[in-house]
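See below for the structure under consideration.
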Amino acid sequence: MSHNSADRLVKMANQIGKFFAAQRHSDAVAGTAEHLKKFWDPRMRAGIIDHVAHGGAGLDEVPLQAVQKLATK
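Start counting the sequence shown at 2; every next residue gets the next number (my numbering).
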């Protein structure tokens, strides 16, 4: 995945995480993961999972944990 693609996915995931941030932490993680699962193209999900596998630079805590959750499914 190109650097620009990863940056775009990180930005989008962080925005989704911020939307759910007002909820209890575990609910925010679950909500973010569910959003990524339902609305992101499989290639986008694969890209963000790969990004996390290589350190997850730039991801906030909620989306990072959400992607980790997706990666284990």
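Beta carbons: idealized from backbone N, C-alpha and C, even for Gly.
Would you mind giving the Cβ-Cβ distance between residue i and residue j, rounded to the nearest angstrom? I have them listed as a contact below 8 angstroms.
i	j	result
Ile17	Thr33	5 angstroms
Gly56	Val11	The Cβ separation is near 11 angstroms, so there is no contact.
By alpha-carbon positions, which one of the options ends up nearest to residue i?
i	options	result
Lys19	His52, Glu35, Pro64 and Trp41	Pro64
Asp61	Asn15, Ala47, Asp42 and Asp51	Asn15
Would you call the CB atoms of residue i and residue j closer than 8 angstroms?
i	j	result
Val30	Lys70	yes
Ala23	Val53	no
Leu37	Ala7	no
Does any C-beta atom of chain D lie closer than 8 angstroms to the C-beta of residue i?
i	result
Ser6	Looking at the structure shown, chain D is missing, and only one protein chain is on hand.
Practice item. Go through the segment 20-73 residue by residue and report every complete run of the alpha helix (DSSP H) that reaches 4 residues or more, in order. Key: Scanning the segment 20-73 from its first residue to its last, the whole alpha helix (DSSP H) runs of 4-plus residues come out as 26-40, 43-54 and 62-72.
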